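**Q** Shown below is the structure under consideration.
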Amino acid sequence: MSQQISFETPWLFQLTDTPEAEFGWEEVALPHDWAAGKPFDSNSPQGTEQGFSACFGIGWYKTKFNATEKDLESALELVIEGAYSHVIALVNGKTALCQPVHYTEARAAINELALPGVNELAIRVENKEGWGERWYSGAGLFRNVIIESRNPSEIRKSDIIVKQAFFPGGKVELAVSVEDAKEIEAKVFYDGKELAQGSGRNVTLKLDNPPLWSAASPKLVKLLVSEVGSEDFVELAIGIRSVEFENDIGFIVNGKPEKLKGVCLHQDGGGVGVAVTKPLLRQRLEVFKSMGCNAIRTSHATPSVDFMDLCDELGFYVISEFTDKWSTGAYGHFFDERWESDLTFAIKRDRNRPSVVIWSVGNEVEAQGSEDMLKKLEALVGVARALDNRPVTCGLSPHYANFDASVAKGLDEVLGSIDRIAQKVDILGLNYQEPWLQLIRSRNPDKLAVATEAFIFFKGSTYNYFNYTTENPWLDVERNDFFIGSFLWAGADYLGESMGWPSKGWSSGIISRDSRRKPISWLFESYWSEKPSVHISVVDYTMPDDITREPWACPPMSDTLSFPKFRRMPLPYMIFTNCQKARLFAGNKEYEIKSPKEFEGRVITGYLPMDHEVVTVKGYNGGTEVASHSIFREGAATKLVLDQEYSDVLPGGQLQVNVLAVDENGHVNHRAEGEVFFEAEGGFLLESAFNGDMLSEYPLNSKSAKLFKGAASAIVRRKSGNARLLAKCEGLEPAVLYF
Numbered sequence: 056m057s058q059q060i061s062f063e064t065p066w067l068f069q070l071t072d073t074p075e076a077e078f079g080w081e082e083v084a085l086p087h088d089w090a091a092g093k094p095f096d097s098n099s100p101q102g103t104e105q106g107f108s109a110c111f112g113i114g115w116y117k118t119k120f121n122a123t124e125k126d127l128e129s130a131l132e133l134v135i136e137g138a139y140s141h142v143i144a145l146v147n148g149k150t151a152l153c154q155p156v157h158y159t160e161a162r163a164a165i166n167e168l169a170l171p172g173v174n175e176l177a178i179r180v181e182n183k184e185g186w187g188e189r190w191y192s193g194a195g196l197f198r199n200v201i202i203e204s205r206n207p208s209e210i211r212k213s214d215i216i217v218k219q220a221f222f223p224g225g226k227v228e229l230a231v232s233v234e235d236a237k238e239i240e241a242k243v244f245y246d247g248k249e250l251a252q253g254s255g256r257n258v259t260l261k262l263d264n265p266p267l268w269s270a271a272s273p274k275l276v277k278l279l280v281s282e283v284g285s286e287d288f289v290e291l292a293i294g295i296r297s298v299e300f301e302n303d304i305g306f307i308v309n310g311k312p313e314k315l316k317g318v319c320l321h322q323d324g325g326g327v328g329v330a331v332t333k334p335l336l337r338q339r340l341e342v343f344k345s346m347g348c349n350a351i352r353t354s355h356a357t358p359s360v361d362f363m364d365l366c367d368e369l370g371f372y373v374i375s376e377f378t379d380k381w382s383t384g385a386y387g388h389f390f391d392e393r394w395e396s397d398l399t400f401a402i403k404r405d406r407n408r409p410s411v412v413i414w415s416v417g418n419e420v421e422a423q424g425s426e427d428m429l430k431k432l433e434a435l436v437g438v439a440r441a442l443d444n445r446p447v448t449c450g451l452s453p454h455y456a457n458f459d460a461s462v463a464k465g466l467d468e469v470l471g472s473i474d475r476i477a478q479k480v481d482i483l484g485l486n487y488q489e490p491w492l493q494l495i496r497s498r499n500p501d502k503l504a505v506a507t508e509a510f511i512f513f514k515g516s517t518y519n520y521f522n523y524t525t526e527n528p529w530l531d532v533e534r535n536d537f538f539i540g541s542f543l544w545a546g547a548d549y550l551g552e553s554m555g556w557p558s559k560g561w562s563s564g565i566i567s568r569d570s571r572r573k574p575i576s577w578l579f580e581s582y583w584s585e586k587p588s589v590h591i592s593v594v595d596y597t598m599p600d601d602i603t604r605e606p607w608a609c610p611p612m613s614d615t616l617s618f619p620k621f622r623r624m625p626l627p628y629m630i631f632t633n634c635q636k637a638r639l640f641a642g643n644k645e646y647e648i649k650s651p652k653e654f655e656g657r658v659i660t661g662y663l664p665m666d667h668e669v670v671t672v673k674g675y676n677g678g679t680e681v682a683s684h685s686i687f688r689e690g691a692a693t694k695l696v697l698d699q700e701y702s703d704v705l706p707g708g709q710l711q712v713n714v715l716a717v718d719e720n721g722h723v724n725h726r727a728e729g730e731v732f733f734e735a736e737g738g739f740l741l742e743s744a745f746n747g748d749m750l751s752e753y754p755l756n757s758k759s760a761k762l763f764k765g766a767a768s769a770i771v772r773r774k775s776g777n778a779r780l781l782a783k784c785e786g787l788e789p790a791v792l793y794f
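This is the structure in structure tokens:
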């Protein structure tokens, strides 16, 4: 079994092109994003796309590792899981690899370069000015770097092919093989118990009623594969599940129709840019899981191994997208020479994962429906189909292709483009095209469709896709079996793709960049979750403008009754619930409201007088109260509190800690002001203090952050030993986290 060689020394970094320098190196932990440690600059190159970050330049990283004689007799490989973007790696001063990396693994054999004993590893990363994505790319070694030692004959994970067949009575067969047709031995285990084993060139493992994987119940089994006669086995965590796509039924998992309740996510992690460890990813994904989200579209790049591991473990259906545009944008510099190898890598790495249900070969690509585009699409889809049997899509937005909303013939042009593309893909991936859904279906009755991107609140109309119609696009998913799901743009606020200074990014996610839920997220909990849910928010135009792009936004909302500038103004509210009935109470009064089904999108709207200290909404099913939510006119903040229980993480992992400013009754003061200072001691290294405000002027590596909507956050890197994090703000009782 392959082994990872530990690095002997900490990683050192400098943002210059002078690797021979004796001074100026700083100790850093990987993954690392050098742009996250720099001030924002309104005049930075590609400022709106890159969130006004200082991401361009050349950086060097170096460390040392120890190789034994046994390691050198094995296959010794350097693996860089991701970096932005041009990488040169040196082992003992000699070049091991030189290539653009981005989101695709770079791997090089280093047996001829390494020596017995201590070896030096140096990696140069260049982020060329003007070569960034149209969203925040980050910079540096933003994914794991590994030195791997393995037997030369050991089977690679990416060469293993697992196919599943389901039969009546709960019987399942796993067909296991490897690409070079070696004689192999395969075993399946669950919860420590062996379920089946076999050997041969094509091994069939027969299972009776094995545990099944789904988003609701993500049970993983362990598959061990080795060459016959070898003790070097490869371990895969796989999920046994039946996934079908039926034209008249839709998306079916283990015999049950489901909908893809999804969000689109970039890779950045808020306060640390794109330098995100697995524990920090887990915290964010668990927020989405809590609201009933069951699907993620990886926008618009091959995700990290850690991210995909978590989708398998937590239970998410994934549309895995390997790139954005083809001819333009960052990947356009490499598309012609690299698309086939990069797409092959992405599919072979993840084709045995239960979470992946659809492959996407691009997003909003150029000249949609043209002969050149269709030729490229056919080639990409052909490679994907040759490697795996999952369906293939491409995120389409033909409304950008010469579509003039004022000219009726433009719609025919758009629909004709979609018709031609439909012949090349397995599932239509439609970005914001709900207004044309029935027309598309009537012209392509044998094609399932999915909203690869969707607005979170508004909907377009037939001749104006920026129409601000308040019928939520999700309702089209509910009404149509052939429309198998929807992926919101975006799941989380992210750096880059700013609408202009001082905004540092896109702020119309359903959670903020500090992974805190926005009021609109409860609308989707009411759509997605089977758990009874009810939530009331006040429509709040006293909030500052977050400079988002309007059609992707929603009305501003707050969970508070505190409006210091108003005295006797009726307050508009929205209630989101999946309950049969809701009742609204304020003070000693009940305000009569209609049932959710009587409102568009099941969003209950109305007005309340603002002279109440507390307003409560209760949800009922069958006459029984099953959920409730209250908002308050909170008092002055008196202390900081941690907003949840925190679990310890292993050394090297990150933990985001959130604090809230609360009044003497424990209610969050959403209008609280002040600056929160964080101090880390012992086993914590403070990497970032930040908040949910995309307009904040503070660098991501700050030691303090202003309260924003009553909250501030810190990200700490866990070291060994006892740890303490102190959060303090003038005039408030501090909060402390101990490990």
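First residue of the sequence shown: 56, per the numbering used here; consecutive thereafter. Beta carbons are placed, not taken as given, at the ideal position from N, Cα and C, and that holds for glycine. Remember, it's a predicted structure, so these values are computed and weren't measured experimentally.
1) Which term fits Ser452, buried or exposed, when burial requires 16 or more other beta carbons within 10 angstroms of its beta carbon?
2) Might you give, ordered along the chain, the residues of its own chain that have their beta carbon closer than 6 Å to the beta carbon of Lys333, omitting 5 neighbours on each side?
3) Any idea which residues DSSP pairs Ala504 with across the strands?
4) So Val438 is in the alpha helix (DSSP H); what residue range does that whole segment cover?
5) What is the residue span of the beta strand (DSSP E) that Cys449 lies within?
6) Looking only at its chain, what residues have a beta carbon closer than 8 Å to the beta carbon of Glu81, apart from the 5 residues adjacent to it on each side?
7) With Ile575 and Phe512 assumed to form a contact (beta carbons below 8 Å), what rounded beta-carbon distance in angstroms separates them?
8) Taking only the alpha-carbon atoms, compute the straight-line gap between Glu700 and Ser592 and give it to the nearest angstrom.
9) Return the chain-ordered ranges of every beta strand (DSSP E) run that is complete within the region 654–678 and spans a minimum of 3 residues.
10) Return the chain-ordered list of same chain residues with a C-beta closer than 6 Å to the C-beta of Val329, the five sequence neighbours on each side being excluded.
11) Return the residue from the list Pro627, Asp96, His725, Asp748 that minimises the CA-CA distance to Arg688.
12) At which residues does the beta strand (DSSP E) containing Ile307 begin and terminate?
13) Starting from Thr399, trace the alpha helix (DSSP H) in both directions and tell me its first and last residue.
14) Need the endpoints of the beta strand (DSSP E) that Lys27 sits in, please.
15) What residue does the beta strand (DSSP E) around Ser581 start on, and which one ends it?
16) From the DSSP output, which residues share a beta bridge with Leu715?
17) Among Thr259, Gly102, His355, Ser254, which one has its Cα closest to the Cα of Ala545?
18) Along the chain, where does the alpha helix (DSSP H) that runs through Ser472 open and close?
19) Taking 8 Å as the cut-off, decide whether the C-beta atoms of Asn486 and Glu533 are in contact.
20) What are the start and end residues of each continuous alpha helix (DSSP H) run of 4 or more residues lying completely inside the region 138–185, in chain order?
21) Could you name the residues of the same chain whose beta carbon sits closer than 7 Å to that of Gly21, not counting the 5 residues immediately before and after it, in chain order?
22) Excluding the 5 residues preceding and the 5 following Ala236 in the sequence, name in chain order all residues of the same chain whose CB lies nearer than 6 Å to its CB.
23) Pop quiz: Leu616 and Val670 are said to be a contact at Cβ under 8 Å. What is the actual Cβ separation, rounded to whole angstroms?
24) Give the DSSP bridge partners of Gly560, in chain order.
25) Have a look at Tyr582 and Lys212 and give me their C-alpha separation to the nearest angstrom.
26) How big is the Cα-Cα spacing for Val200 and Leu85?
27) As a quick exercise: from Ser702, Lys673, Asn444, pick the residue whose alpha carbon is nearest that of Glu647.
28) Just mark Thr159 as buried or exposed, buried being the case when its beta carbon has 16 or more other beta carbons within 10 Å.
29) Tell me the rounded alpha-carbon separation between Glu290 and Gly776.
30) Cβ atoms of Asp481 and Val447: under 8 Å apart, would you say?
31) Going by alpha carbons, who is nearest to Gly786 out of Asp718, Ser613, His722, Asn182?
32) Look at the alpha carbon of Ala90 and the alpha carbon of Lys183, and state the distance between them as a whole number of angstroms.
33) Suppose you measure from the CA of Ala251 to the CA of Ser57; what does that come to, to the nearest Å?
34) Would you identify the three-state DSSP class for Leu67, choosing helix, strand or coil?
35) Given Ser382, which residues of its chain have a CB within under 6 Å of its CB, disregarding the five upstream and five downstream residues?
36) When the Cα atoms are used, what is the spatial distance from Lys514 to Ala477?
**A** Inspection of the coordinates gives the following:
1) Burial call: buried.
2) Only Asp361 meet the Cβ criterion.
3) Its beta-bridge partners are Leu483, Phe538.
4) Annotation: the continuous alpha helix (DSSP H) that includes Val438 extends over 426–442.
5) Residues 447–451.
6) Take Glu81, set aside five residues on each side of it, and the residues of its chain with a beta-carbon closer than 8 Å to its own are Leu67, Phe68, Gln69, in chain order.
7) Contact flag correct, Cβ pair sits at about 7 Å.
8) So the alpha carbons of these two residues sit roughly 25 Å apart.
9) Runs found: 658–663, 669–676.
10) Within the same chain, Val329 has close Cβ partners Asp88, Gly193, Phe197, Gln322, Asp323.
11) Residue nearest to Arg688 within the set Pro627, Asp96, His725, Asp748 is His725 (criterion: CA-CA distance).
12) Per DSSP, Ile307 is one residue of the beta strand (DSSP E) stretching across 305–308.
13) It spans 390–405 - the alpha helix (DSSP H) in which Thr399 sits, taken as one unbroken run.
14) Any question about residue 27 goes unanswered here, given that the chain covers just 56 to 794.
15) Run containing Ser581: none in the beta strand (DSSP E); it sits in the alpha helix (DSSP H), 576–583.
16) DSSP, once it has assigned bridges, lists Val696, Ala766 as partnering Leu715.
17) Per the Cα distances, His355.
18) For Ser472, the enclosing alpha helix (DSSP H) stretches over residues 464–477.
19) Result no, Cβ atoms of Asn486 and Glu533 do not sit closer than 8 Å.
20) Those alpha helix (DSSP H) runs which fall completely within the region 138–185 and span 4+ residues do not exist here.
21) With the chain running from 56 to 794 in the structure shown, residue 21 is simply not present.
22) Cβ within range, chain order: Arg256.
23) Yes, they are in contact, since the Cβ atoms of Leu616 and Val670 sit about 6 Å apart, within 8 Å.
24) Within the DSSP bridge table, the entry for Gly560 names Leu550, Gly551 as partners.
25) Computed Cα separation, rounded: 38 Å.
26) Straight-line Cα distance between these residues: approximately 8 Å.
27) The shortest C-alpha separation from Glu647 is found at Lys673.
28) It is buried - the Cβ of Thr159 has at least 16 other Cβ atoms within 10 Å.
29) Roughly 31 Å separates the two Cα atoms.
30) Remark: C-beta atoms of Val447 and Asp481 approach each other more closely than 8 Å.
31) Across the set Asp718, Ser613, His722, Asn182, the C-alpha of Asp718 shows the shortest separation from the C-alpha of Gly786.
32) Answer to the nearest angstrom: the Cα atoms are 13 Å apart.
33) Approximately 24 Å between the Cα atoms of the pair.
34) Reduced to three states, the DSSP call for Leu67 is strand.
35) Scanning its chain for C-beta atoms nearer than 6 Å, with the 5 sequence neighbours on each side dropped, one finds around Ser382 the residues Glu421, in chain order.
36) In a straight line, the C-alpha of Lys514 is about 23 Å away from that of Ala477.
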